[in-house]
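Start counting the sequence shown at 1; every next residue gets the next number (the working numbering).
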Amino acid sequence: MSAPSLADRIDAALPQTQCTRCGYADCRAYAEAVATGLAGINQCPPGGAEGVARLAAITGRPPVPLNPAHGVEGPRRIAVVDEAWCIGCTLCIDACPVDVIAGAPKRMHGVLADGCTGCELCLPPCPMDCIHLQPIGDPMLATRTGWNAWSAPLAQQARQRYAAHRKRLERRSHNRPDGLPTTGFATQGLPAKAAGPMQPADSPPHETTSASAPKKDLIAAALERARQRQAQRKA
1 MSAPSLADRI DAALPQTQCT RCGYADCRAY AEAVATGLAG INQCPPGGAE GVARLAAITG
61 RPPVPLNPAH GVEGPRRIAV VDEAWCIGCT LCIDACPVDV IAGAPKRMHG VLADGCTGCE
121 LCLPPCPMDC IHLQPIGDPM LATRTGWNAW SAPLAQQARQ RYAAHRKRLE RRSHNRPDGL
181 PTTGFATQGL PAKAAGPMQP ADSPPHETTS ASAPKKDLIA AALERARQRQ AQRKA
C-alpha cells in the first residue's frame, strides 16, 4: 500500500472538524503524518475512542487510549456569539475553517449552527471574548461523544466547507499587496503537504500575521464604543 492511498483512507476516517488539536494544521496534514509514521493514531479528540479504533484498523497499529495532551473526548458543541458584545471586527470570520460565521464589519456576527464543527478556533481571536460554546440543540445527541455525536455526512460537509474556505483565503491572499494569508493561522491557507506540526492546542496561539492598520483602527474604535456602552449600563 502506497503512502498517498493510506493517507487518503486515514483522512476519510477523520471527522474533518479541522480543529488542529491533533497538532497539525488540518485533518489532511494529520492523516499524512499518521500515514508516514510521524504521528500517533490517538491525537484526534473529536473522533474519540471510536476514531482511534478506526485508524488502528486502517493502519494495522494496535489501539491505544486517546492522548490527553491533545484533549479529551467530549460531547459535540457549537459556537454562539453574544450579540450584546459583538463589535463586528470580523476576526472570527477569518478564523473559522468551515466558513459558518456570517457577518460584516461593524455588524453583529452569527454562527450557522448546522455547519459548526465546534473546533474552537474562533474563540482566541475575539477581542471581546463574546463567543462561547454550548451543547447542540438535539437532546438525543447532546450527551453523545466522538463519532456517536458526529456522522459521515457531517464530516463530508465539513470537508467541502473547508476546501471552499481555503480557496477563498487563497483568492484573498493573491489580492493583498504583501502576499500574506488573511487569517491569524498562517498554515490554514496552505496546501496540506506544506502544513507541518503546530503548537499544542492548550498553549496560547502566537500571532503569525498582523491586522492591517485600518482593521486595527476599526477594532480599537469598536472596543471604545463597547466600553462606553458598558459604562452607561453601570451608570
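Just so it is clear, CB atoms sit at the ideal spot from N, CA and C, and this is done for glycine as well. Given the structure is predicted, the values throughout are model-derived calculations rather than measurements.
Collapsed DSSP secondary structure at V34 in the structure displayed
Numbered from its first residue, the sequence shown carries residue 34 at position 34. Note: V34 maps to helix in three-state DSSP.
Residues in the same chain with beta-carbon distance under 7 Å from A113, minus the five sequence neighbours each way, listed in chain order, please.
The residue labelled residue 113 in the question sits at position 113 within the sequence shown. Only I78 meet the Cβ criterion.
Rank E83, V98, P124 and P97 by C-alpha distance to the C-alpha of M108 and give the top, closest one.
Counted from its first residue, the sequence shown places residue 108 at position 108. Among E83, V98, P124 and P97, the Cα nearest to that of M108 is on E83.
Counted within 10 angstroms of its Cβ, other Cβ atoms place D94 as buried (16 or more) or exposed:
Counting from one through the sequence shown, the residue named residue 94 turns up at place 94. Buried, by the Cβ-count rule.
Measuring only the C-alpha atoms, how far is R161 from C96?
For the purposes of this step, residue 161 is taken as the residue at position 161 of the sequence shown. For the purposes of this step, residue 96 is taken as the residue at position 96 of the sequence shown. Their Cα atoms are separated by approximately 10 Å.
Out of G146, P127 and T20, state which residue places its alpha-carbon closest to the alpha-carbon of V52.
For the purposes of this step, residue 52 is taken as the residue at position 52 of the sequence shown. Answer by Cα proximity: G146.
Per DSSP, which residues does P102 bridge with? Please list them.
Taking the first residue of the sequence shown as position 1, residue 102 is located at position 102. What sits at residue 102 in the sequence shown is Ala, not Pro. Paired residues: G110.
Where does R77 sit, in a helix, a strand or coil, going by DSSP?
Within the sequence shown, numbered from 1, the residue matching residue 77 stands at position 77. Strand.
Which of the three DSSP states is assigned to Q156 in this structure?
Residue numbering aside, residue 156 sits at position 156 when the sequence shown is read from its first letter. Looking at Q156 - three-state DSSP - the assignment turns out to be helix.
Going straight from the alpha carbon of Q86 to that of C130, what length do you get?
Within the sequence shown, residue 86 is the residue found at index 86, counting from 1. Within the sequence shown, residue 130 is the residue found at index 130, counting from 1. Before going on, a small fix: residue 86 reads as Cys here, not Gln. Those two C-alpha atoms are separated by around 6 Å.
Looking at the structure shown, is L91 part of a helix, part of a strand, or coil, going by DSSP?
Taking the sequence shown and counting its residues from 1, the one referred to as residue 91 is at position 91. Here L91 sits in helix by DSSP.
Measure the alpha-carbon distance for P127 versus C89 and round it to whole angstroms.
As a working mapping, residue 127 is identified with position 127 in the sequence shown. As a working mapping, residue 89 is identified with position 89 in the sequence shown. For P127 and C89, the distance between alpha carbons rounds to 8 Å.
Using only CA atoms, which one of A29, V81, G118 and V64 lies nearest to A102?
Numbered from 1 along the sequence shown, position 102 holds the residue referred to as residue 102. Ranking the options by Cα distance to A102, first place goes to V81.
Between which residues of its own chain and C92 is the CB-CB distance below 7 Å, once the five residues before and five after are set aside?
Taking the sequence shown and counting its residues from 1, the one referred to as residue 92 is at position 92. The residues are I101, H109, C122, P125, C126 and I131.
Mind checking whether G47 and L14 have CB atoms under 9 Å apart?
Here residue 47 refers to the residue found at position 47 of the sequence shown. Here residue 14 refers to the residue found at position 14 of the sequence shown. Yes; because the gap between Cβ atoms is below 9 Å, this pair is in contact.
9 Å Cβ cutoff met for C116 and T20
Residue numbering aside, residue 116 sits at position 116 when the sequence shown is read from its first letter. Residue numbering aside, residue 20 sits at position 20 when the sequence shown is read from its first letter. Taking 9 Å as the Cβ cut-off, C116 and T20 do not qualify as a contacting pair.
Nearest CA to the CA of A33: which residue from I10, Q18 and Q16?
Looking up residue 33 in the sequence shown gives position 33. Nearest C-alpha to A33: I10.
Could you give the DSSP three-state label for I131: helix, strand or coil?
Reading the sequence shown from its first residue, position 131 is the one you call residue 131. I131: strand per DSSP, three-state reduction.
Please state if the CB of A149 and the CB of Q16 are separated by a distance shorter than 9 Å.
Counting from 1 along the sequence shown, the entry for residue 16 is found at position 16. Counting from 1 along the sequence shown, the entry for residue 149 is found at position 149. No; because the gap between Cβ atoms is not below 9 Å, this pair is not in contact.
Note down, in chain order, each residue of its chain lying with its Cβ closer than 7 Å to the Cβ of H70, except the 5 sequence neighbours on either side.
The residue given as residue 70 occupies position 70 in the sequence shown. Excluding residues within five positions, the ones whose Cβ falls inside 7 Å are R21, C22, G23, Q43, P45 and A201.
Please go through the same chain and pick out, in chain order, the residues whose beta-carbon is closer than 7 Å to the beta-carbon of D8, but skip the five residues on each side of it.
Along the sequence shown, read from residue 1 onward, the residue named residue 8 stands at position 8. There are no such residues.
Between the CA atoms of T59 and Q134 - distance to the nearest angstrom:
Counted from its first residue, the sequence shown places residue 134 at position 134. Counted from its first residue, the sequence shown places residue 59 at position 59. So the two alpha carbons sit approximately 34 Å from each other.
For A163, count neighbouring C-beta atoms within 10 Å of its own C-beta (all shown protein chains included) and say buried if the count is 16 or more, exposed if not.
As a working mapping, residue 163 is identified with position 163 in the sequence shown. Looking at its Cβ environment, which holds fewer than 16 other Cβ atoms inside 10 Å, A163 is exposed.
By DSSP, does T59 sit in helix, in strand, or in coil?
Stepping through the sequence shown from its first residue, residue 59 is reached at position 59. T59 falls in the helix class under three-state DSSP.
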